[in-house]
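Undergrad: Following this message is one structure expressed as structure tokens.
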Amino acid sequence: MLLKYVISYPFSPIFVAKVHHFVAFVLLAFLWIRNRAVNFAHSTSFTLLAVFDLLALLCSLLSVWLTVQKCYIVRVEIGFSTASIVLLTLGSLCTFPIYDENIKNVLHAINIIHGYTIALLGFATWWAYFKTKNTISRLLIRGWGDANDDDQLEEFDFGLEEQ
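All residue numbers for the sequence shown refer to UniProt numbering, where the first residue is 1 and numbers rise by one.
Next up, the structure:
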């Protein structure tokens, strides 16, 4: 049932973008672990980079968790995606004060991965704003039945749409 919901059309591009964000984060973690011998720990900028990356990942995980729970609100998705974009941008800005010829290629790779992820999340934000609607599963609302059929999603206004 989970896979059926995640691959449904309006949500699948956002889910794919979030999965790519997770893969990019794994690549970043690999870069951090592989280059720990250079001793990044002394650099406040690199520590901030790691913190911003982890917070951006947390925002994406919360967004995916809400989508998997079949409770999708457009403004919440846009908020999480925008927060991730801001955090990744701040993380990229943290790499500029680091001047070390030994890790120049690693810093370039980190910035390329950040740029790729920012582009993905920008697309997810655009897609959420223009292509999706607020949806919630009837299974989450008491008294609406326990059926697991193809029509379990209902569109709700939540009073968030412009009049």
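The beta-carbon is built from N, C-alpha and C at its ideal position, and this holds for glycine as well.
Mind the definition here: the region 18-26 touches the region 68-76 only if three or more C-beta pairs lie below 8 Å; say whether that holds.
TA: They do not touch, by the three-pair rule.
Undergrad: Thinking C-beta only, is SER84 closer than 8 Å to CYS59?
TA: As a first step, residue 59 is located in the sequence shown; it is residue number 59 there, counting from the start. As a first step, residue 84 is located in the sequence shown; it is residue number 84 there, counting from the start. Yes, these two residues count as a Cβ contact at 8 Å.
Undergrad: With distances taken from CA atoms, which of HIS108, LEU121, TRP32 is nearest PHE96?
TA: Within the sequence shown, the letter at position 96 stands for residue 96. Closest option to PHE96, Cα to Cα, is HIS108.
Undergrad: Are LEU49 and GLY115 closer than 8 Å when you measure CB to CB?
TA: Start at 1 with the first residue of the sequence shown, and residue 49 comes out as number 49. Start at 1 with the first residue of the sequence shown, and residue 115 comes out as number 115. No. Outside cutoff.
Undergrad: Can you tell me whether VAL51 is helix, strand or coil according to DSSP?
TA: Counting from one through the sequence shown, the residue named residue 51 turns up at place 51. Helix, per DSSP.
Undergrad: Over the uninterrupted alpha helix (DSSP H) stretch that includes SER43, give me the two end residues.
TA: On the sequence shown, residue 43 is found 43 positions in, with the first residue counted as 1. Careful: SER43 lies outside any alpha helix (DSSP H) and carries neither H nor E.
Undergrad: My assumption, with CB atoms under 8 Å, is that ILE113 sits in contact with ALA24. Please give the rounded CB distance.
TA: Numbered from its first residue, the sequence shown carries residue 113 at position 113. Numbered from its first residue, the sequence shown carries residue 24 at position 24. ILE113 to ALA24, Cβ: 5 Å. Contact.
Undergrad: Quick check on this structure: which residue in SER81, GLU101, VAL51 has the alpha carbon closest to the alpha carbon of LEU127?
TA: Indexing the sequence shown from 1 puts residue 127 at position 127. First, the amino acid is wrong: residue 127 is Trp here, not Leu. Ranking the options by Cα distance to TRP127, first place goes to SER81.
Undergrad: Please return the same chain residues whose Cβ sits closer than 7 Å to the Cβ of ASN111, not counting the five positions on each side in sequence.
TA: If you number the sequence shown from 1, residue 111 lands on position 111. Cβ within range, chain order: SER92, THR95.
Undergrad: Given that a residue counts as buried once 16 or more other Cβ atoms are within 10 Å of its Cβ, and exposed if not, what is ILE136?
TA: As a position in the sequence shown, residue 136 is number 136, starting the count at 1. ILE136 is buried by the Cβ-count criterion.
Undergrad: In the structure shown, what three-state DSSP assignment does PHE96 receive?
TA: As a working note, residue 96 is residue 96 in the sequence shown. It is coil, neither helix nor strand.
Undergrad: Could you spell out where the alpha helix (DSSP H) holding ILE33 opens and where it closes?
TA: Here residue 33 refers to the residue found at position 33 of the sequence shown. 12-34 is the extent of the alpha helix (DSSP H) around ILE33.
Undergrad: Apply the 10 Å Cβ neighbour rule to ASP100 and answer buried if 16 or more other Cβ atoms are within range, or exposed otherwise.
TA: Mapped onto the sequence shown, residue 100 falls at position 100. Exposed: under 16 other Cβ atoms inside 10 Å.
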